[in-house]
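Step one of this worksheet: look at the structure below.
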Amino acid sequence: MKTFESSTEYRPVIGFEIHVELATKSKMFSPAPNNPDEKTPNTNIDEIVTAQPGTLPVANKEAIRLAAMVGLAINCTIDEWSKFDRKHYFYPDLPKGYQISQYDEPISKNGYLDIIVPGSLSASSDSASLPEGENNKVLRSKRIGITRAHLEEDAGKNVHPEGLSYSLVDYNRAGCALLEIVTEPEIESGEEARVFLTELRNIIRYLGASDCDMEKGTMRCEPNISVRKPGETTLPKYKCEVKNINSFKFAEAAINYEIARQTEILMEGKIPKQVTMGWDEKNGVTVEQRSKEEANDYRYFPEPDLPVLQFTKEYLDKLRAEMPELPAQKSARFKSEYKLDDAAVENLINWKELTFYFEEVVSEIDEWLAQDSGDDLKASATDRQQLIKAAANWCLQDFSAMLNAKLINPQDSAVTPENFAELLKLIQRGKISGSAAKTVFKTMFEKGGEPLSIIDDLGLHQVSDESAIESAIDKVILANAKAVTDYKAGAEKSFGFLVGQTMKELKGKGNPQVINTQLKKKLKD
Amino acid sequence: MALEFLSLTELRKLLDSKKVSSVELAKHFLSRIKNNGGNSYITVCEDGALKQAGDADAFINSPGDNPLLCGIPYAAKDLFCTDGVRTTAASKILDQYLPPYNSTVINKLNGQKSVLLGKTNLDQFAHGSSGETSAYGATKNPWDETRMPGGSSSGSCAAVAAGLASWATATETGGSIRVPAALTGVSGWKPTYGRVSRYGVIAMASSLDSIGAVAHSVEDLARLAEVFSGRDEKDSTTGHQGVPAYAADLDADLEGVKVGVPKQYFIDGMNPGVKARVMESIKELEKLGAVIVDVDLPNTKYGSLVYAIVCPSEVASNLARYDGIRYGHVTSDAKDLLQVYEKSRAEGFGNEAKRRILTGTYVLSAGYADEYYKKAQRVRGLIVREFAEVFKQVDVLACPTTADVAPKLGHAADDPLFGYVTDQLNIPGSLAGLPALSIPCGFAKPADDDVELPVGLQIIGPQWGEQKILNVGYAYQQATDWHKRHPRAAE
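Heads up: the sequence lines are chains F and V, in that order. Following numbering that gives the first Met the number 0 from start to finish, the first sequence increments by one per residue and tops out at 524. Following numbering that gives the first Met the number 0 from start to finish, the second sequence increments by one per residue and tops out at 490.
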């Protein structure tokens, strides 16, 4: 494998074309179902998808709503009207011989997305320093311009069966609603690219507009990369597009590889060819796919089968009112209100379903605190914070591990947020030890059920009753005179032994704090 | 009794009173088609028609009211997709095409238990004004079989004129209903753009295509218009306007109705007999109480030029789907994908389709789109506004449908501009999406022969003004009997 030294001589300029398959029930212009998981070829089709003579498109209202929501979330302008155009080219996966897309009046344009990236400031970035993060890394905010986001329809897939002299076409994906998002060439490193893509994906996921699964192809990213000397403000005369990227990690790697490759060519005094590269995931390299033909002539013209799209102020106001809390806002709130650390927040936010679940647990906690404020546990702010922090930890550790092992989302597990919160409450109240709680949680995950009844079934109640503990300690002191003497003589180790013996006497269910205090008191006597 | 020329209401009465059965009617028409079809039909649905007729009879024999068209045989232009029934668009590329679905209009007609006799001939993909571009041979004009019936709805008009169907569906992009209706002496209705669903009708030029009908009278057309019209969720360009009771509201009283006569529609060199008949019919309207007003439509002359750009642009795009991949003709001689496209399309399309694909591709290509397509669209806007202004002064326009009577067959074959000249009196209204009728208004002789051929009076209305043109046409037909004349060969 060829490797390159990274060079400080050149800096990259990167723009993205991102295709997102919208999570609509039916296709962009037909009632045929949209289902990216369909495995049997040519099942999600109808006369419109297969472009039978005489068929006409009807625009999917939900796709338009989702596209407008994404546009608003990435700070785009949505004009009063927008239109569809036909983009012509011949390919077997394109049934009509044209794709219905948007040419000069995209649904949204001129937006931006602020991302937070680690590292030094770059001269051309529109950025401001942020306070130091947890890991003492300097963080900065950077604004990436969004040129446009437009609606179009997806193509099918050509299949080339090995050893056969013909190809096949699967139209299951043909006609699915696609949102194409185009950025300004303002991304300046592989890392910035990864952070940008993650932020964008989170926004789209939180809007419920798409599951943005790179592997399934419901999100596809194509960076256009070129490099230039620091201080240069004009765009280089060439750019290389990279295709076949199916994860953000690969996007970052492909970009880093391209930067080095192009830099080497420029260092030799040559100019890189304007080509489309493909990411070779096995070898970690980009490979030339084809020379970029002279600008294609797509013969765009306004789609006469569809009326102009009109966006009234009322409609857009309604969408703004329906806008859910976006990941950046949520993340800021988790930090300020819940006092969660940066890493925990990032891990939560990047898993939308877990974040939603976590928030349900928090609201269970709040409900319980509100009801229980007269009980033995005061509904204090500290309690809340402790419980919420515990909820985050449990979500990110034991729960995440179990969910990942089964490849499911929290909502698909047997643990309800109510039972989850109940368990946290029992731990905090000292009704169960931390280690016993893990056993209980495992049972809750595997079989479902309320923590209290599981504790009963498994006999895991923690003994906090002082008289029971006292009598156990008395027995242990009587039976272990030597250890008592050693402890009194200053052997700290013996204390631990006595704690262990007491716990054993209590069949492991003793409250360690109560044992500690009681034992210390007894030994002083 | 000549069953073949009866009106829809007359047929309804005969069927409802069991004086004739739908099966008898269907057999009557099928035998007439077999006897002398004049190449009006590409596909005759003998079995299908008899089955539908049998179903209709069963329905009629059961208690309850019957829908207007129940059991009445009709023909559909072979551009309407019919589920499982061969639909060719008169092209080789769709020679064996069996649609998996019905067009919206066909669904409505099936809902009424209509009886489909067959699919009628047309200019290939509706490209033409003569009927001669059909891959299945030209349709003959029943008034003189050496002459063309006009196009593109050639078979539908010729079939109705010759009594080979009670009525027929038709389509128009720029004259394709009105021209053949005039040249074959039948009544044709071209609706307002968006009045009737285009869903399932093979597209020619999407921003112009209108789905209409031809029949023996305006009264029949009014009844058909009620069935055809209305919003269709499958066609986003259909309007939400409600459908009036066109037939019930027909009003023969023209007192005070303002009829505009545009001087630009009486062109130099037009057949003097045609001009005379149209002027006489305008006089007739005046006699019936209409106020005749001379009006000016100076942009008329740009109509055909705009059409010559807009139409092929949309045609080239709409024909891109015929690629030999999913359905239709595929070459047996391709070495690679490019050859699949090139050869399938070269073998499957006729010359006129190829001509329009090339023209449309050219005018939309980079660097030319501004000069041609966008400029043409701006001029189209001028034509739309000019009509709108005129309709502030008058209720309808009356003028000739064509400048001449039916030409000899073979006349169009070598003249690519034939259609643009023939249709020049129809195209401006099509560009503006206006409703219009062509109704028989007498006979005239062509310059080349001593034979009497039908002449068409064109009545154009404002957008959504169907009732206005139907009223004027109805009043005219109440006072005249030109629409009751039939070709001798058909009698």
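Where a beta carbon is used, it is the ideal one built from N, C-alpha and C, also for glycine. Model, not experiment: these values are computed from the prediction.
Residue burial classification, Asp-375 (chain F) (beta-carbon count within 10 angstroms, cutoff 16): Within the first sequence, the letter at position 376 stands for residue 375 (chain F). Because Asp-375 (chain F) carries a pLDDT of 49, less than 50, the predicted location of this residue cannot be relied on, and the following value inherits that uncertainty. Looking at its Cβ environment, which holds fewer than 16 other Cβ atoms inside 10 Å, Asp-375 (chain F) is exposed.
Quick check on Tyr-24 (chain F) - is its C-beta less than 9 Å from some C-beta in chain V? Against the first sequence, residue 24 (chain F) aligns to sequence position 25. The sequence shown places Lys at residue 24 (chain F), not Tyr. No - not a single Cβ of chain V is within 9 Å of the one on Lys-24 (chain F).
Alpha helix (DSSP H) segment containing Glu-9 (chain V), residue limits: Taking the first residue of the second sequence as position 1, residue 9 (chain V) is located at position 10. Element bounds for Glu-9 (chain V): 7-15.
Output the distance between the C-alpha atoms of Lys-60 (chain F) and Gln-427 (chain F), rounded to the nearest integer angstrom. Numbered from its first residue, the first sequence carries residue 60 (chain F) at position 61. Numbered from its first residue, the first sequence carries residue 427 (chain F) at position 428. Cα to Cα, the separation comes out at about 49 Å.
Looking at the C-beta of Pro-11 (chain F), does it have a partner C-beta in chain V at a distance below 9 Å? Residue mapping note: residue 11 (chain F) aligns to position 12 of the first sequence, counting from 1. No, Pro-11 (chain F) does not count as interfacial toward chain V.
Between which two residues does the alpha helix (DSSP H) carrying Val-277 (chain V) extend? Numbered from 1 along the second sequence, position 278 holds the residue referred to as residue 277 (chain V). Start and end: 271-286.
Note the first and the last residue of the continuous alpha helix (DSSP H) segment covering Lys-437 (chain F). Working through the first sequence from its first residue, we reach residue 437 (chain F) at position 438. From DSSP, the alpha helix (DSSP H) with Lys-437 (chain F) extends over 433-446.
Reference Gly-432 (chain V), options V:Leu-408, V:Gly-460, V:Thr-421, V:Gly-455, closest by Cα: Within the second sequence, numbered from 1, the residue matching residue 432 (chain V) stands at position 433. Out of V:Leu-408, V:Gly-460, V:Thr-421, V:Gly-455, V:Gly-460 has the C-alpha closest to the C-alpha of Gly-432 (chain V).
Just list the alpha helix (DSSP H) runs in the segment 74-124 of chain V, keeping only unbroken ones of 4 residues or longer that don't cross its boundaries, in chain order. 103-110
Run through the DSSP bridge pairs and tell me what His-149 (chain F) is partnered with. To locate residue 149 (chain F), count along the first sequence from 1; it is residue 150. For His-149 (chain F), which the question treats as bridged, DSSP gives the partners F:Glu-179.
Using DSSP bridges, identify the partner residues of Pro-32 (chain F). Here residue 32 (chain F) refers to the residue found at position 33 of the first sequence. Answer by DSSP bridge pairing, in chain order: F:Ser-25.
Members of the segment 201-224 of chain V near chain F, C-beta cut-off 7 Å: Ile-201, Ala-202, Ser-205, Ser-206
For the candidate residues V:Ile-201, V:Leu-163, V:Leu-67, whose alpha-carbon lies nearest to that of Phe-124 (chain V)? Counted from its first residue, the second sequence places residue 124 (chain V) at position 125. Checked all of V:Ile-201, V:Leu-163, V:Leu-67; the closest Cα to Phe-124 (chain V) is V:Ile-201.
Quick check: Val-43 (chain V) and Gly-37 (chain V), are their CB atoms within less than 9 Å of each other? In the second sequence, counting from the first residue as 1, residue 43 (chain V) sits at position 44. In the second sequence, counting from the first residue as 1, residue 37 (chain V) sits at position 38. Cβ atoms of Val-43 (chain V) and Gly-37 (chain V): not closer than 9 Å.
Does the distance from the C-beta atom of Ile-99 (chain F) to that of Lys-141 (chain F) stay below 9 Å? For the purposes of this step, residue 99 (chain F) is taken as residue 100 along the first sequence, with counting starting at 1. For the purposes of this step, residue 141 (chain F) is taken as residue 142 along the first sequence, with counting starting at 1. Not a contact, by the Cβ cut-off of 9 Å.
Cβ of Met-83 (chain V) within 9 Å of any chain F Cβ: Residue 83 (chain V) sits at position 84 when you count from the first residue of the second sequence. The residue you asked about is not Met; residue 83 (chain V) is Gly in the sequence shown. Using a CB distance cut-off of 9 Å, Gly-83 (chain V) does not count as an interface residue toward chain F.
Less than 6 Å between C-beta atoms, sequence neighbours within five positions excluded: which residues of the same chain meet that for Asn-171 (chain F)? Taking the first residue of the first sequence as 1, we reach residue 171 (chain F) at position 172. For Asn-171 (chain F), where only same-chain residues beyond five positions count, the Cβ hits under 6 Å are Glu-37, Asn-43.
How big is the Cα-Cα spacing for Lys-506 (chain F) and Met-443 (chain F)? As a position in the first sequence, residue 506 (chain F) is number 507, starting the count at 1. As a position in the first sequence, residue 443 (chain F) is number 444, starting the count at 1. When rounded, the distance between both Cα atoms is 22 Å.
Name, in chain order, the residues that DSSP records as bridge partners for Gly-144 (chain F). By one-based count along the first sequence, residue 144 (chain F) stands at place 145. Paired residues: F:Tyr-111.
Taking Cβ-Cβ distances shorter than 7 Å, what residues in chain F pair up with Glu-313 (chain V)? Sequence index remark: in the second sequence, residue 313 (chain V) carries index 314 (1-based). Pro-303, listed in chain order.
Can at least three beta-carbon pairs, one atom from the segment 274-292 of chain F and one from the segment 307-315 of chain F, be found at a separation below 8 Å? no
Which ranges does the alpha helix (DSSP H) cover as unbroken runs of at least 4 residues, wholly within the segment 264-294 of chain F, from first to last along the chain? none
Round the Cβ separation of Lys-95 (chain F) and Ala-352 (chain V) to the nearest angstrom and send it over; I've been treating them as touching at under 8 Å. Reading the first sequence from its first residue, position 96 is the one you call residue 95 (chain F). Reading the second sequence from its first residue, position 353 is the one you call residue 352 (chain V). That pair is no contact at about 17 Å.
How would you write the range of the beta strand (DSSP E) that Glu-456 (chain V) sits in, first residue to last? Working through the second sequence from its first residue, we reach residue 456 (chain V) at position 457. The sequence given here has Leu at residue 456 (chain V), not Glu. From DSSP, the beta strand (DSSP E) with Leu-456 (chain V) extends over 452-459.
Inter-residue Cα distance where the pair is Trp-188 (chain V) and Val-213 (chain V): To locate residue 188 (chain V), count along the second sequence from 1; it is residue 189. To locate residue 213 (chain V), count along the second sequence from 1; it is residue 214. Approximately 6 Å between the Cα atoms of the pair.
Between the alpha carbons of Cys-80 (chain V) and Thr-168 (chain V), how many angstroms are there, rounded? What you label residue 80 (chain V) is simply residue 81 of the second sequence in a count that begins at 1. What you label residue 168 (chain V) is simply residue 169 of the second sequence in a count that begins at 1. Each residue's alpha carbon lies about 12 Å from the other.
Same chain, Cβ closer than 8 Å to Pro-415 (chain V), neighbours up to 5 away in sequence not counted: If you number the second sequence from 1, residue 415 (chain V) lands on position 416. Correct list, in chain order: Glu-351, Arg-354.
So with CB distances below 8 Å, who are the chain F contacts of Tyr-371 (chain V)? Locating residue 371 (chain V) in the second sequence gives position 372, counting from the first residue. In chain order: nothing, as chain F lies at least about 11 Å away.
With a floor of 4 residues, list each alpha helix (DSSP H) that falls wholly inside the segment 334-394 of chain F, ordered by position along the chain. Runs of the alpha helix (DSSP H) lying entirely within the segment 334-394 of chain F and spanning at least 4 residues, in chain order: 341-348, 351-371, 380-393.
Give the straight-line distance between the Cα atoms of Leu-452 (chain V) and Cys-156 (chain V), rounded to the nearest whole angstrom. By 1-based counting over the second sequence, the position of residue 452 (chain V) is 453. By 1-based counting over the second sequence, the position of residue 156 (chain V) is 157. So the two alpha carbons sit approximately 14 Å from each other.
Tell me where the alpha helix (DSSP H) around Val-22 (chain V) begins and ends. The residue labelled residue 22 (chain V) in the question sits at position 23 within the second sequence. Where Val-22 (chain V) is concerned, the enclosing alpha helix (DSSP H) starts and stops at 21-34.
Can you tell which of F:Lys-492, F:Leu-497, F:Glu-263 has its C-alpha closest to the C-alpha of Ala-471 (chain F)? Translated into positions along the first sequence, residue 471 (chain F) becomes position 472. Of the listed residues, the one whose Cα sits closest to Ala-471 (chain F) is F:Leu-497.
Just verifying my parser: in three-state terms, what is the DSSP assignment at Cys-398 (chain V)? Locating residue 398 (chain V) in the second sequence gives position 399, counting from the first residue. In the structure shown, Cys-398 (chain V) sits in a strand (DSSP, three-state: E or B).
Tell me whether His-239 (chain V) is buried or exposed, calling it buried when 16 or more other Cβ atoms sit within 10 Å of its Cβ. Counting from one through the second sequence, the residue named residue 239 (chain V) turns up at place 240. By the Cβ-count criterion, His-239 (chain V) is exposed, with fewer than 16 other Cβ atoms from all chains shown falling within 10 Å of its own Cβ.
Which partner residues of Arg-220 (chain F) appear in the DSSP bridge assignment? What you label residue 220 (chain F) is simply residue 221 of the first sequence in a count that begins at 1. Arg is not the amino acid found at residue 220 (chain F); the sequence shown has Cys there. For Cys-220 (chain F), the beta-bridge partners assigned by DSSP are F:Ile-17.
Mind checking the segment 95-126 of chain V against chain F and listing, in chain order, the residues whose C-beta falls within less than 8 Å of any C-beta there? Tyr-96, Pro-98, Pro-99, Tyr-100, Ser-102
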